[in-house]
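In my numbering, the protein residues as written are 1 to 248.
Heads up, the thing below is written out as structure tokens.
The following block contains the structure:
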């Protein structure tokens, strides 16, 4: 069983859409999959049409156990469950900070779920915080969306610097290009430069397409409402690379 964190310390990079589509494709491939929505905006829960409600809110999440098991919801798709978020997740970092082993609370929460699933996908909020350090400790792999722009690349470099400074493993960090517009010279040039200078850059990327934006209207993965679209094919290629490179 693997835990895959879809993480970025920068918002608006396509993190949640990647988490939703990759988890859908994992389930479609026969993996019993759980999406763990850790973002207080609960976008992944919204996309899967699941009410963002936890038993006892952040307090129940903190304790894990039966409260977590009761909060897991099935989705409309076979092999795919979700542990929804709600707005009280904004308090998770401060809640964890009051506890023993505060940087490993997610391990305690998720460990009992490991026998039930082949893959747990974490949709993570965009910050470097105590919650993020919990994610770094529990995730077998981190998958980071990077837009080929100066600020997004700068944020990724900040993340790598932080991980090195705090002695977190860096060989399980992989990145992919997101919201790519190949008509832009800057995007193409930055992608070429980053691929040369950074380790762990995956070959497949996700373009900036209207079908991805439509997920908020359809409240479904792209694969469900536009399975033959370029967007769907892009996520499928990315999933295949993730499966072969990270999970095998």
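From the three backbone atoms N, C-alpha and C, an ideal C-beta is built for every residue, glycine too.
query: Where the beta strand (DSSP E) through residue 5 begins and ends; result: 2-6
query: Inter-residue Cα distance where the pair is residue 139 and residue 189; result: 31 Å
query: Residue 135 and residue 12 closer than 8 Å at C-beta; result: no
query: Contact belief for residue 15 with residue 8 at Cβ below 8 Å, rounded distance in angstroms; result: 5 Å
query: Inter-stretch contact at 8 Å, needing at least 3 Cβ pairs: the segment 230-242 / the segment 194-201; result: no
query: Residue 117 - DSSP class collapsed to helix/strand/coil; result: coil
query: The alpha helix (DSSP H) enclosing residue 193, as first and last residue numbers; result: 185-197
query: Residue 175 burial status per 10 Å Cβ neighbour count (16 or more: buried); result: buried
query: C-alpha gap between residue 109 and residue 132, whole angstroms; result: 15 Å
query: Any chain C beta carbon closer than 8 Å to residue 48; result: The question asks about chain C, but that chain is absent: this structure has only one protein chain.
query: Pairwise C-alpha distance: residue 187 and residue 150; result: 10 Å
query: Inter-stretch contact at 8 Å, needing at least 3 Cβ pairs: the segment 150-167 / the segment 101-121; result: no
query: Simplified DSSP state of residue 173, which is helix, strand or coil; result: strand
query: Residues of its chain near residue 106, where Cβ-Cβ distance is below 6 Å and the 5 sequence neighbours each way are ignored; result: 134 and 138
query: Minimum C-alpha distance to residue 128 - residue among 222, 10 and 46; result: 10
query: Spatial distance of residue 179 from residue 225 (CA atoms); result: 20 Å
query: Beta strand (DSSP E) segments (min. 3 residues) lying fully within the segment 100-169; result: 119-123 and 141-146
query: Inter-residue Cα distance where the pair is residue 248 and residue 29; result: 13 Å
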